[in-house]
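Heads up, the thing below is written out as C-alpha coordinates.
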Amino acid sequence: MRGWADRIAEELGEGRGEFGYANLAISGLVLREILDQQLGPALSLKPDLVTLSAGGNDLVFHRGDPDRMAAALDDAVAALSATGATVVLFTGPDWGETAVFGHIRGKVAVFNENIRVIAARHDVVIADLWALRQLSDPRMWDPDRLHFSPLGHHTIAAMVLDTLSVPHRLRPLEPKPMPPGNWREARAGDLAWMAHYMLPWVVSRIRPRADALPRQAKRPLPGPPPGVPDSGHKPLVRPGSVG
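Numbered according to this note's numbering, the sequence shown spans residues -1 to 241.
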(Lines of atoms letter the chains of each structure in order from A and count residues from 1; the text may use other names and numbers.)
(Lines give C-alpha, C1' and ligand atoms only; values in the text may rest on other atoms or scores of the structure.)
Protein backbone atom coordinates (compact mmCIF):
# COMPACT_ATOMS: atom_id res chain seq x y z
CA MET A 1 0.00 0.00 0.00
CA ARG A 2 1.18 3.52 -0.79
CA GLY A 3 1.70 5.22 2.56
CA TRP A 4 1.69 8.91 3.36
CA ALA A 5 5.46 9.14 2.79
CA ASP A 6 5.12 7.63 -0.70
CA ARG A 7 2.37 10.09 -1.57
CA ILE A 8 4.38 13.05 -0.29
CA ALA A 9 7.42 11.93 -2.28
CA GLU A 10 5.34 11.58 -5.44
CA GLU A 11 4.16 15.16 -5.11
CA LEU A 12 7.62 16.51 -4.27
CA GLY A 13 9.21 14.57 -7.12
CA GLU A 14 6.74 15.64 -9.79
CA GLY A 15 8.63 17.52 -12.47
CA ARG A 16 11.95 17.25 -10.63
CA GLY A 17 14.39 15.01 -12.46
CA GLU A 18 17.11 15.05 -9.81
CA PHE A 19 15.09 13.70 -6.91
CA GLY A 20 15.53 10.68 -4.67
CA TYR A 21 13.28 9.20 -2.00
CA ALA A 22 14.34 6.82 0.77
CA ASN A 23 11.98 5.31 3.33
CA LEU A 24 13.75 3.70 6.29
CA ALA A 25 10.58 2.93 8.25
CA ILE A 26 10.13 -0.57 9.72
CA SER A 27 6.77 -1.41 11.24
CA GLY A 28 6.64 -2.45 14.88
CA LEU A 29 9.78 -0.78 16.21
CA VAL A 30 9.83 1.20 19.44
CA LEU A 31 11.46 4.61 19.64
CA ARG A 32 14.83 3.39 20.93
CA GLU A 33 15.07 0.80 18.13
CA ILE A 34 14.22 3.42 15.53
CA LEU A 35 16.91 5.77 16.77
CA ASP A 36 19.53 3.02 17.15
CA GLN A 37 18.87 1.41 13.77
CA GLN A 38 17.75 4.24 11.51
CA LEU A 39 19.26 7.54 12.68
CA GLY A 40 22.76 6.72 11.39
CA PRO A 41 21.57 5.58 7.95
CA ALA A 42 19.31 8.63 7.70
CA LEU A 43 22.20 10.97 8.46
CA SER A 44 24.44 9.19 5.96
CA LEU A 45 21.98 9.98 3.16
CA LYS A 46 22.55 13.73 3.75
CA PRO A 47 18.87 14.44 3.16
CA ASP A 48 17.21 17.74 2.37
CA LEU A 49 14.00 16.66 4.10
CA VAL A 50 13.47 14.13 6.90
CA THR A 51 10.16 13.02 8.40
CA LEU A 52 10.25 11.41 11.83
CA SER A 53 7.22 9.62 13.26
CA ALA A 54 7.90 7.42 16.28
CA GLY A 55 6.71 6.51 19.76
CA GLY A 56 3.30 5.01 19.12
CA ASN A 57 4.39 1.43 19.78
CA ASP A 58 6.03 2.50 23.05
CA LEU A 59 2.80 4.04 24.32
CA VAL A 60 0.40 1.38 23.02
CA PHE A 61 2.32 -1.80 23.84
CA HIS A 62 5.08 -0.96 26.32
CA ARG A 63 3.67 1.61 28.74
CA GLY A 64 6.31 4.04 27.58
CA ASP A 65 7.25 7.04 29.69
CA PRO A 66 6.60 10.10 27.48
CA ASP A 67 9.22 12.21 29.26
CA ARG A 68 11.99 9.62 28.89
CA MET A 69 10.98 9.07 25.28
CA ALA A 70 11.19 12.80 24.63
CA ALA A 71 14.72 12.98 26.05
CA ALA A 72 15.90 10.36 23.55
CA LEU A 73 14.00 12.01 20.72
CA ASP A 74 15.52 15.41 21.51
CA ASP A 75 19.06 14.15 20.90
CA ALA A 76 18.05 12.61 17.57
CA VAL A 77 16.29 15.76 16.37
CA ALA A 78 19.35 17.81 17.35
CA ALA A 79 21.54 15.57 15.17
CA LEU A 80 19.14 15.73 12.22
CA SER A 81 18.63 19.47 12.51
CA ALA A 82 22.38 20.10 12.64
CA THR A 83 22.69 18.78 9.07
CA GLY A 84 20.64 21.68 7.72
CA ALA A 85 17.84 19.39 6.57
CA THR A 86 14.21 20.36 6.99
CA VAL A 87 12.95 18.06 9.76
CA VAL A 88 9.26 17.21 10.17
CA LEU A 89 8.15 15.76 13.52
CA PHE A 90 4.77 14.07 13.90
CA THR A 91 2.58 14.32 16.96
CA GLY A 92 0.51 11.29 17.91
CA PRO A 93 -3.18 11.13 16.95
CA ASP A 94 -5.99 11.77 19.40
CA TRP A 95 -7.40 8.34 20.26
CA GLY A 96 -9.68 9.80 22.92
CA GLU A 97 -12.89 8.79 21.17
CA THR A 98 -11.86 5.16 20.69
CA ALA A 99 -12.82 2.48 23.16
CA VAL A 100 -9.58 0.52 22.82
CA PHE A 101 -6.90 3.25 22.93
CA GLY A 102 -8.66 5.96 24.90
CA HIS A 103 -6.84 4.96 28.10
CA ILE A 104 -3.48 6.17 26.74
CA ARG A 105 -4.82 9.54 25.57
CA GLY A 106 -3.15 11.36 28.47
CA LYS A 107 0.26 9.86 27.74
CA VAL A 108 -0.05 10.71 24.05
CA ALA A 109 -0.95 14.29 24.98
CA VAL A 110 2.10 14.61 27.26
CA PHE A 111 4.38 13.14 24.59
CA ASN A 112 2.91 15.55 22.04
CA GLU A 113 3.65 18.53 24.26
CA ASN A 114 7.22 17.31 24.60
CA ILE A 115 7.41 16.99 20.81
CA ARG A 116 6.24 20.59 20.42
CA VAL A 117 8.93 21.77 22.85
CA ILE A 118 11.58 19.81 20.93
CA ALA A 119 10.35 21.29 17.65
CA ALA A 120 10.56 24.82 19.03
CA ARG A 121 14.02 24.19 20.49
CA HIS A 122 15.47 22.97 17.20
CA ASP A 123 13.31 25.04 14.83
CA VAL A 124 11.76 22.05 13.08
CA VAL A 125 8.34 21.54 11.53
CA ILE A 126 5.37 19.92 13.31
CA ALA A 127 2.95 17.69 11.39
CA ASP A 128 0.11 17.72 13.89
CA LEU A 129 -1.86 14.47 13.75
CA TRP A 130 -3.52 15.33 17.08
CA ALA A 131 -5.11 18.40 15.48
CA LEU A 132 -6.13 16.54 12.31
CA ARG A 133 -9.78 16.07 13.20
CA GLN A 134 -10.46 13.90 10.15
CA LEU A 135 -8.62 11.09 11.95
CA SER A 136 -11.57 10.75 14.34
CA ASP A 137 -13.40 9.08 11.44
CA PRO A 138 -13.00 5.26 11.67
CA ARG A 139 -12.70 5.12 7.89
CA MET A 140 -9.30 6.79 8.16
CA TRP A 141 -7.96 3.66 9.88
CA ASP A 142 -7.09 0.13 8.89
CA PRO A 143 -9.21 -2.63 10.47
CA ASP A 144 -6.35 -3.15 12.96
CA ARG A 145 -7.12 0.39 14.29
CA LEU A 146 -3.42 1.16 14.67
CA HIS A 147 -2.37 1.80 11.08
CA PHE A 148 -3.97 4.12 8.57
CA SER A 149 -6.24 3.20 5.68
CA PRO A 150 -5.51 4.47 2.15
CA LEU A 151 -7.89 7.34 2.90
CA GLY A 152 -5.96 8.14 6.08
CA HIS A 153 -2.61 8.08 4.29
CA HIS A 154 -3.99 10.41 1.61
CA THR A 155 -5.32 12.84 4.21
CA ILE A 156 -2.06 12.89 6.19
CA ALA A 157 0.04 13.40 3.06
CA ALA A 158 -2.05 16.42 2.09
CA MET A 159 -1.74 17.84 5.61
CA VAL A 160 2.05 17.50 5.60
CA LEU A 161 2.37 19.15 2.19
CA ASP A 162 0.12 21.98 3.36
CA THR A 163 2.25 22.36 6.49
CA LEU A 164 5.35 22.63 4.29
CA SER A 165 3.54 25.15 2.03
CA VAL A 166 4.11 22.89 -0.97
CA PRO A 167 1.53 23.07 -3.79
CA HIS A 168 0.08 19.64 -4.52
CA ARG A 169 -2.65 17.72 -6.31
CA LEU A 170 -4.04 15.84 -3.31
CA ARG A 171 -7.67 16.89 -2.97
CA PRO A 172 -9.90 15.90 -0.05
CA LEU A 173 -11.56 12.54 -0.66
CA GLU A 174 -15.12 11.76 0.33
CA PRO A 175 -15.21 8.46 2.23
CA LYS A 176 -17.88 5.90 1.53
CA PRO A 177 -20.87 6.12 3.90
CA MET A 178 -20.61 3.86 6.92
CA PRO A 179 -23.38 1.28 7.41
CA PRO A 180 -25.74 2.07 10.29
CA GLY A 181 -24.82 0.47 13.60
CA ASN A 182 -25.67 0.48 17.29
CA TRP A 183 -23.90 0.20 20.63
CA ARG A 184 -24.14 -3.61 20.70
CA GLU A 185 -22.57 -3.95 17.26
CA ALA A 186 -19.80 -1.51 18.21
CA ARG A 187 -18.91 -3.54 21.32
CA ALA A 188 -18.99 -6.76 19.30
CA GLY A 189 -16.57 -5.12 16.88
CA ASP A 190 -14.28 -4.23 19.79
CA LEU A 191 -14.26 -7.85 20.97
CA ALA A 192 -13.53 -9.11 17.47
CA TRP A 193 -10.68 -6.62 17.19
CA MET A 194 -9.24 -7.86 20.50
CA ALA A 195 -9.30 -11.46 19.28
CA HIS A 196 -7.96 -10.87 15.77
CA TYR A 197 -5.46 -8.06 16.33
CA MET A 198 -4.68 -7.05 19.91
CA LEU A 199 -4.07 -10.48 21.43
CA PRO A 200 -1.82 -11.67 18.57
CA TRP A 201 0.19 -8.44 18.88
CA VAL A 202 0.66 -8.96 22.61
CA VAL A 203 1.67 -12.61 22.17
CA SER A 204 4.13 -11.75 19.38
CA ARG A 205 5.87 -9.27 21.66
CA ILE A 206 5.98 -11.58 24.67
CA ARG A 207 7.06 -14.62 22.66
CA PRO A 208 8.71 -13.51 19.42
CA ARG A 209 9.17 -16.29 16.88
CA ALA A 210 12.71 -17.62 16.80
CA ASP A 211 12.46 -18.24 13.04
CA ALA A 212 11.08 -14.80 12.22
CA LEU A 213 13.01 -13.08 9.46
CA PRO A 214 14.57 -9.67 10.22
CA ARG A 215 12.35 -6.84 9.07
CA GLN A 216 13.77 -4.66 6.34
CA ALA A 217 13.35 -0.98 5.52
CA LYS A 218 10.95 -0.29 2.70
CA ARG A 219 13.34 1.82 0.60
CA PRO A 220 16.79 1.94 2.24
CA LEU A 221 18.42 3.71 -0.72
CA PRO A 222 17.23 6.85 -2.52
CA GLY A 223 15.42 6.34 -5.79
CA PRO A 224 12.56 7.78 -7.80
CA PRO A 225 9.28 7.88 -5.87
CA PRO A 226 6.52 5.43 -6.85
CA GLY A 227 4.84 6.66 -10.00
CA VAL A 228 7.67 9.06 -10.91
CA PRO A 229 9.92 7.91 -13.79
CA ASP A 230 13.64 7.57 -13.16
CA SER A 231 15.50 10.34 -14.96
CA GLY A 232 18.85 8.65 -14.47
CA HIS A 233 20.18 11.63 -12.53
CA LYS A 234 21.89 11.34 -9.20
CA PRO A 235 19.31 12.10 -6.48
CA LEU A 236 19.76 15.47 -4.83
CA VAL A 237 16.63 15.70 -2.74
CA ARG A 238 16.26 12.81 -0.34
CA PRO A 239 13.24 12.86 1.92
CA GLY A 240 13.46 9.99 4.36
CA SER A 241 10.80 8.54 6.61
CA VAL A 242 12.12 7.30 9.94
CA GLY A 243 9.68 5.38 12.13
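Just so you know, even glycine gets a beta-carbon here, dropped at the ideal spot from N, CA and C.
Subject >> Distance CB(A117)-CB(L87) smaller than 9 Å >> reply: In the sequence shown, residue 117 corresponds to position 119, counting from 1. In the sequence shown, residue 87 corresponds to position 89, counting from 1. In this structure, L87 lies closer than 9 Å to A117 by Cβ.
**OP:** Give me the Cα-Cα distance between A69 and R30, rounded to the nearest whole angstrom.
**Re:** Translated into positions along the sequence shown, residue 69 becomes position 71. Translated into positions along the sequence shown, residue 30 becomes position 32. One alpha carbon belongs to A69, the other to R30, and they sit about 11 Å apart.
Original post:
P136 by DSSP, collapsed to three states: which one?
Top reply: Looking up residue 136 in the sequence shown gives position 138. Here P136 sits in helix by DSSP.
Original post:
Would a C-beta distance cut-off of 9 Å place D56 and V28 closer than the cut-off?
Top reply: Walking along the sequence shown from the start, residue 56 turns up at place 58. Walking along the sequence shown from the start, residue 28 turns up at place 30. The answer is yes: Cβ separation under 9 Å.
Subject >> Spatial distance of G15 from P136 (CA atoms) >> reply: Looking up residue 15 in the sequence shown gives position 17. Looking up residue 136 in the sequence shown gives position 138. One C-alpha to the other measures close to 38 Å.
Original post:
What residue does the beta strand (DSSP E) around F88 start on, and which one ends it?
Top reply: Mapped onto the sequence shown, residue 88 falls at position 90. For F88, the uninterrupted beta strand (DSSP E) run begins and ends at T84 to F88, by DSSP.
Subject >> Residue from T81, D63 and D72 with nearest C-alpha to L43 >> reply: Stepping through the sequence shown from its first residue, residue 43 is reached at position 45. That would be T81, whose Cα lies nearest to the Cα of L43.
Original post:
To the nearest whole angstrom, what separates the beta carbons of R169 and T96, a pair I think is in contact under 8 Å?
Top reply: In the sequence shown, residue 169 corresponds to position 171, counting from 1. In the sequence shown, residue 96 corresponds to position 98, counting from 1. The pair is not a contact, with the Cβ atoms about 27 Å apart (cut-off 8 Å).
Subject >> Test item: CB-CB of A20 and R217 under 9 Å >> reply: Here residue 20 refers to the residue found at position 22 of the sequence shown. Here residue 217 refers to the residue found at position 219 of the sequence shown. A contact, by the Cβ cut-off of 9 Å.
Original post:
Do you know offhand how far R185's Cα is from W191's?
Top reply: Taking the first residue of the sequence shown as 1, we reach residue 185 at position 187. Taking the first residue of the sequence shown as 1, we reach residue 191 at position 193. So the two alpha carbons sit approximately 10 Å from each other.
Subject >> Rounded separation between Q36 and M(-1) - CA only >> reply: By 1-based counting over the sequence shown, the position of residue 36 is 38. By 1-based counting over the sequence shown, the position of residue -1 is 1. For Q36 and M(-1), the gap between their C-alpha atoms comes out near 22 Å.
Subject >> Reduced DSSP secondary structure (H/G/I, E/B, other) of N21 >> reply: Position 23 of the sequence shown holds residue 21. In this structure, N21 counts as strand in the three-state DSSP scheme.
**OP:** Return the chain-ordered list of same chain residues with a C-beta closer than 6 Å to the C-beta of T89, the five sequence neighbours on each side being excluded.
**Re:** Along the sequence shown, read from residue 1 onward, the residue named residue 89 stands at position 91. Counting only Cβ-Cβ distances below 6 Å, and skipping sequence neighbours, we find N110, I113, D126, L127 and W128.
Subject >> Residue range of the unbroken alpha helix (DSSP H) whose run includes G213 >> reply: If you number the sequence shown from 1, residue 213 lands on position 215. According to the sequence provided, residue 213 is Arg. The question's Gly does not apply to it. Looking at the DSSP string, R213 is not in any alpha helix (DSSP H), and its letter there is neither H nor E.
Original post:
For the segment 92 to 127, which segments carrying the beta strand (DSSP E) assignment without a break, of at least 3 residues, lie completely within its bounds, in sequence order?
Top reply: Correct list: 123 to 125.
Original post:
Based on Cα-Cα distance, which residue from V75, P198 and I6 lies nearest to L33?
Top reply: As a working note, residue 33 is residue 35 in the sequence shown. Nearest C-alpha to L33: V75.
Subject >> Other residues of its chain near D140: CB distance less than 7 Å, five sequence neighbours each side excluded >> reply: Against the sequence shown, residue 140 aligns to sequence position 142. The beta carbon of D140 sits closer than 7 Å to those of F146 and S147, all from its chain and outside the five residues before and after it, given in chain order.
Subject >> C-alpha distance - M138 paired with A3, whole-angstrom precision >> reply: Walking along the sequence shown from the start, residue 138 turns up at place 140. Walking along the sequence shown from the start, residue 3 turns up at place 5. Rounded to the nearest angstrom, the two C-alpha atoms are 16 Å apart.
**OP:** Give the straight-line distance between the Cα atoms of Q132 and V106, rounded to the nearest whole angstrom.
**Re:** Stepping through the sequence shown from its first residue, residue 132 is reached at position 134. Stepping through the sequence shown from its first residue, residue 106 is reached at position 108. Cα to Cα, Q132 sits roughly 18 Å from V106.
Original post:
Do you know whose CA, among A215, S134 and P91, lies nearest G54's CA?
Top reply: Mapped onto the sequence shown, residue 54 falls at position 56. Among A215, S134 and P91, the Cα nearest to that of G54 is on P91.
Subject >> Burial state of P45 (16 or more Cβ within 10 Å) >> reply: What you label residue 45 is simply residue 47 of the sequence shown in a count that begins at 1. Per the 10 Å Cβ criterion, buried.
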